[in-house]
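What follows is a short report on a single structure.
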Amino acid sequence: MPLLHNEIARLDDHDIIGSVNKAQIVEEFRDHRVLFILRTRTPNQLSEMVATIWQAGGRFVEIAANTPDAFKVVSELRGMVPAGSYLGVGTICSVEQADRAVEAGGTFAVMPICCQSVVTRLRDRGLMTIVGASTPTEIFNARGTGADFVKVFPAQSPQYIRTVRGPFPDIPLVAVGGVTKSDAIKYLNAGCAGVAVGSSFFATHFRSDGSFDADEVKAEVRAIVRVCDLRMT
C-alpha cells in the first residue's frame, strides 16, 4: 500500500532541509548521482510516491511544475523530508515559477531551458540549479549562467555525452530524457555527473487513477540506485 504522510517522521528544525547550504546539496548530488522526476496528471497520490522513493533510497526527487498542485505538494512535504534527502521543482521556465518553488520549500530547481534571469533568481534564493541545454553552444552558455549542473535534454546517447565532454571536460552534465535503468550506468561512465529518470521509469507504475504499487516502485528505485553506485571510478 502507498505510504501516508504521517508515516514520514517530522524532523526537528535543525534537520529540516532549509538549514542545509547549497554547497552541501551540490556535493551530495554529485555523490548520489540520480534524480527521480515525477510528472503526472493525477496528483492525488503524488506525496505518497515521493515518500516511497525516499524510503527506497532515492534521495533527490523532482516534482515537475506543470503537474497539477505541484507547488502545493512540495509545500506540504517541506517539513517531512528525511535527513539527507531533497525535494525540488522541475520545468521551471520563469522568474515567477522560481519564486513559487522557493516559497513552497524546494531546495533545488531543474529547468528544461536556459534563461539567465531565472537562473539568477534561483541562485540568489539559494537553490541548487540544473539548467537545460542540448547543443555544445547551449551547454557552454548554460554553464556560463552560473548553473551548478547542466541538464543535457534530451540526453540523446552516452556517445553524445562522451563527445561533448571532449571540449567541456569540466562542465558537470546530467543526462535527462529517456534514460532507463539499463543505460543509466552508460551515461555515468561516459562522464555524466548524474542522470535523471522520469516518464520512462515511472510510466508503468502510476495507474490511471494515480495509485501505484509501493513495493514495485521501491524495488525499481533500489535497482537504479544500485546501478548508479556501480559506475566506473
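Numbered continuously in the working numbering, the sequence shown closes out at residue 275.
Even glycine gets a Cβ: it sits at the ideal position worked out from N, Cα and C.
The structure displayed is predicted, hence computed values, not measured ones.
- Within the same chain, Trp96 come within 6 Å of Pro124 by CB-CB distance, once the 5 residues on both sides are set aside.
- When DSSP states are grouped into helix, strand and coil, Phe210 belongs to the coil group.
- Annotation: the segment 194-254 contains the following complete segments of the alpha helix (DSSP H) (minimum length 4 residues), in chain order: 200-206, 223-231, 241-244.
- The alpha carbon of Met170 has as its nearest neighbour, out of Arg268, Thr179, Val152, the alpha carbon of Val152.
- Of the other Cβ atoms in all chains shown, fewer than 16 fall within 10 Å of the Cβ of Thr246; this residue is therefore exposed.
- Straight through space, the alpha carbons of Arg264 and Gly99 are spaced by roughly 6 Å.
- Less than 9 Å divides the Cβ of Gly132 from the Cβ of Ala106.
- The three-state secondary structure of Leu80, taken from DSSP, is strand.
- Pro154 sits buried, since 16 or more C-beta atoms from the chains shown fall within 10 Å of its C-beta.
- Listed as beta-bridge partners of Leu129 by DSSP are Val103.
- Rounded to the nearest angstrom, the Cβ distance from Gly236 to Val76 is 6 Å, consistent with a contact under 8 Å.
- Here Gly240 is buried: its Cβ has 16 or more other Cβ atoms, across all protein chains shown, within 10 Å.
- Between Val160 and Ala175, the C-beta gap is not smaller than 9 Å, which leaves the two residues out of contact.
- By the beta-carbon neighbour count (other beta carbons within 10 angstroms, threshold 16), Leu119 is buried.
- Burial state of Thr177 is exposed, judged by a 10 Å Cβ sphere holding fewer than 16 other Cβ atoms.
- The Cβ neighbour count for Arg72, taken over all protein chains shown within 10 Å, is under 16; the residue is labelled exposed.
- The DSSP-derived three-state label of Ile95 is helix.
- Ranked by Cα distance from Gln201, the first of Gly121, Ala226, Ala143, Cys270 is Ala226.
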